[in-house]
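Everything below concerns the one structure shown next.
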Amino acid sequence: KEKTGVDRLSLRQAIIFICATNRPDELDLEFVRAGRIDRRLYIGLPDAKQRVQIFGVHSSGKQLAEDVNFKELVFRTVGFSGADIRNLVNEAAIMSVRKGHSKIFQQDIIDVLDKQLLEGMGVLLTEEEQQKCEQKVSFEKKRLLAVHEAGHVVLAHLFPRFDWHAFSQLLPGGKETAISVFYPREDMVDQGYTTFGYMMMQMVVAHGGRCAERIVFGDDITDGGRDDLEKITKIAREMVISPQNKKLGLIALTKRVGLVDRPDSPDGELIRYRWDDPQVIPANMTLEVSELFTRELTRYIEETEELAMNALRNHRHILDLIARELLERSRITGLEIEEKLKELSPVMFEDFVKPFQINPDEEGPLPHNDSLRYQLPDLYPAPLHRLLAKA
Numbered sequence: 001k002e003k004t005g006v007d008r009l010s011l012r013q014a015i016i017f018i019c020a021t022n023r024p025d026e027l028d029l030e031f032v033r034a035g036r037i038d039r040r041l042y043i044g045l046p047d048a049k050q051r052v053q054i055f056g057v058h059s060s061g062k063q064l065a066e067d068v069n070f071k072e073l074v075f076r077t078v079g080f081s082g083a084d085i086r087n088l089v090n091e092a093a094i095m096s097v098r099k100g101h102s103k104i105f106q107q108d109i110i111d112v113l114d115k116q117l118l119e120g121m122g123v124l125l126t127e128e129e130q131q132k133c134e135q136k137v138s139f140e141k142k143r144l145l146a147v148h149e150a151g152h153v154v155l156a157h158l159f160p161r162f163d164w165h166a167f168s169q170l171l172p173g174g175k176e177t178a179i180s181v182f183y184p185r186e187d188m189v190d191q192g193y194t195t196f197g198y199m200m201m202q203m204v205v206a207h208g209g210r211c212a213e214r215i216v217f218g219d220d221i222t223d224g225g226r227d228d229l230e231k232i233t234k235i236a237r238e239m240v241i242s243p244q245n246k247k248l249g250l251i252a253l254t255k256r257v258g259l260v261d262r263p264d265s266p267d268g269e270l271i272r273y274r275w276d277d278p279q280v281i282p283a284n285m286t287l288e289v290s291e292l293f294t295r296e297l298t299r300y301i302e303e304t305e306e307l308a309m310n311a312l313r314n315h316r317h318i319l320d321l322i323a324r325e326l327l328e329r330s331r332i333t334g335l336e337i338e339e340k341l342k343e344l345s346p347v348m349f350e351d352f353v354k355p356f357q358i359n360p361d362e363e364g365p366l367p368h369n370d371s372l373r374y375q376l377p378d379l380y381p382a383p384l385h386r387l388l389a390k391a
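Residue 1 is where the sequence shown starts when you use the UniProt record's numbering, and the numbers rise one by one after that.
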């Protein structure tokens with residue numbers, strides 16, 4: 001019926017037929033063929049500015065408190081469609097009624113966002129249940145978790161452009177652990193790829209928990225940072241074979257069995273190709289290349305650990321402050337930490353994700369290899385290896 005109706009329209013008629021769908025893959029090919037639907041326009045998800053405007057549309061007609069500022073929360077809605085924002089506003093209205101409010105407050109919107117997040121993680125409890133679980137955990141355990149999580153948080157806020165920090169919480173869902181929730185920045189999402197500097201920042205922040213334990217409790221630290229070590233190692237392996245690595249960047253060190261690409265996992269992992277993936281096997285490499293790979297891997301891990309350790313030592317007062325806040329309140333938001341850091345004037349890291357710009361009017365020096373001379377990499381740093389190579 002729809003196909004017949006479109007065919008009845010003539011080019012001489014001043015009629016424009018407009019249709020919209022979220023599932024173009026389910027449309028009949030005969031319906032969208034040329035002559036019926038002549039032009040297709042793809043409208044993607046709204047950016048930050050557009051999401052603020054959409055929030056204004058869906059919140060019109062609702063009683064909003066004076067403290068409502070959606071711009072402060074827009075970073076937590078990356079990937080939201082207009083329908084998602086409408087649902088968020090409606091849920092916030094229901095939340096405010098349950099609390100006995102006559103208006104929607106900023107905290108109501110935050111509570112809805114937290115509820116959606118924690119429900120997805122399976123750690124959502126009522127306030128009474130959460131307090132009962134916290135009372136069962138010893139003070140020493142809470143302090144250890146607070147120091148560990150504060151190490152991650154402090155380093156994240158020392159970078160000028162790290163992921164947006166939503167909040168950190170001790171014992172979520174009564175589990176003896178701590179979480180910090182970060183959201184990717186809009187510009188990183190728009191790029192669609194991971195940069196070398198971004199991976200460096202992720203490694204430095206991942207070192208924060210273990211480094212904080214060493215500074216506060218000494219070298220006899222716990223094994224609570226095993227997940228951090230796994231993440232650090234995986235990122236370091238990706239950095240070794242990155243095109244920006246001048247020694248191994250162009251050497252293919254993995255072979256894939258089966259599909260060339262693998263769909264992203266639902267939990268949004270940072271690195272797309274996991275080394276523990278059963279479809280990924282190491283490529284055949286010589287002893288020299290294997291040694292160079294290991295040295296590069298160790299170098300990245302040690303360099304980022306040194307950056308994390310020095311930064312936390314220099315900002316021990318901030319580390320103690322955030323750990324104490326977490327221990328007393330069990331929860332702290334990224335905006336609260338930003339306000340505290342403004343008063344303490346910390347020494348920030350350099351910007352690891354500076355945008356690459358080309359100035360055609362500015363002439364720089366020629367590259368160092370302009371004479372086309374090939375320089376052999378030093379594969380044999382150890383004396384024994386040099387003797388074996390000469391032999």
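C-beta atoms are modelled at their ideal positions from N, C-alpha and C, and glycine is treated no differently.
| Starting from Ala166 and walking both ways along the alpha helix (DSSP H), at which residues does that stretch end? | What you label residue 166 is simply residue 166 of the sequence shown in a count that begins at 1. Here Ala166 belongs to no alpha helix (DSSP H); instead the beta strand (DSSP E) covers 164-170.
| query | Apart from the five residues just before and just after Leu326, which ones in its own chain have a Cβ nearer than 7 Å to its Cβ? | reply | On the sequence shown, position 326 is the one that residue 326 refers to. Result list for Leu326: Ala146, Glu149, Ala150, Ser168, Leu170, Ile332, in chain order.
| field | Coarse secondary structure for Ile301, derived from DSSP in three states | value | For the purposes of this step, residue 301 is taken as the residue at position 301 of the sequence shown. Ile301: helix per DSSP, three-state reduction.
| query | For Ile207, is the classification buried or exposed, using 16 other Cβ atoms within 10 angstroms of its Cβ as the cut-off for buried? | reply | Working through the sequence shown from its first residue, we reach residue 207 at position 207. As written in the sequence, residue 207 is His, which differs from the Ile given in the question. His207 should be labelled buried.
| task | Decide if Ile16 is buried, meaning its Cβ has at least 16 other Cβ atoms within 10 Å, or exposed. | result | Working through the sequence shown from its first residue, we reach residue 16 at position 16. Exposed, by the Cβ-count rule.
| task | Give every residue of the same chain whose Cβ lies closer than 6 Å to the Cβ of Thr77, excluding the five residues on either side of it in the sequence, and list them in chain order. | result | Position 77 of the sequence shown, counting from 1, holds the residue named residue 77. Counting only Cβ-Cβ distances below 6 Å, and skipping sequence neighbours, we find Arg51.
| Nearest-angstrom Cα distance between Asp114 and Val123? | For the purposes of this step, residue 114 is taken as the residue at position 114 of the sequence shown. For the purposes of this step, residue 123 is taken as the residue at position 123 of the sequence shown. Between Asp114 and Val123, the C-alpha separation is close to 11 Å.
| query | Under 9 Å, do Leu312 and Ile215 count as touching if we go by C-beta distance? | reply | As a first step, residue 312 is located in the sequence shown; it is residue number 312 there, counting from the start. As a first step, residue 215 is located in the sequence shown; it is residue number 215 there, counting from the start. Cβ atoms of Leu312 and Ile215: closer than 9 Å.
| task | Could you tell me which of Ile54, Ile109, Cys19, Leu45 sits nearest to Asn39, measuring between CA atoms? | result | Taking the first residue of the sequence shown as 1, we reach residue 39 at position 39. At residue 39 the sequence reads Arg, which differs from the Asn that was named. Here the closest residue by C-alpha is Cys19.
| Continuous beta strand (DSSP E) stretch holding Thr333: start and end | By 1-based counting over the sequence shown, the position of residue 333 is 333. It spans 331-333 - the beta strand (DSSP E) in which Thr333 sits, taken as one unbroken run.
| Ile301 and Ala236 look like a contact to me (Cβ under 8 Å); what is the Cβ gap, rounded to whole Å? | Counting from 1 along the sequence shown, the entry for residue 301 is found at position 301. Counting from 1 along the sequence shown, the entry for residue 236 is found at position 236. With a Cβ gap of about 5 Å, Ile301 and Ala236 count as contacting.
| field | Which of helix, strand or coil DSSP assigns to Ser242 | value | Here residue 242 corresponds to residue number 242 of the sequence shown, with the count starting at 1. Ser242: coil per DSSP, three-state reduction.
| Ala83 lies in the alpha helix (DSSP H); which residues open and close that run? | Working through the sequence shown from its first residue, we reach residue 83 at position 83. Counting along the chain, the alpha helix (DSSP H) containing Ala83 begins and ends at 82-98.
| message | Which of the three DSSP states is assigned to Ser180 in this structure? | response | As a working note, residue 180 is residue 180 in the sequence shown. Reduced to three states, the DSSP call for Ser180 is strand.
| Can the beta-carbon of Glu129 be found closer than 9 Å to that of Gly174? | Working through the sequence shown from its first residue, we reach residue 129 at position 129. Working through the sequence shown from its first residue, we reach residue 174 at position 174. Contact: yes.
| said: Among the candidates Trp164, Glu230, Thr177, Glu238, whose CA atom is the shortest distance from the CA of Met200? | reply: One-based indexing of the sequence shown puts residue 200 at position 200. The shortest C-alpha separation from Met200 is found at Glu238.
| said: Does the contact criterion of 3 or more C-beta pairs under 8 Å hold for the stretch 83-97 versus the stretch 221-230? | reply: no
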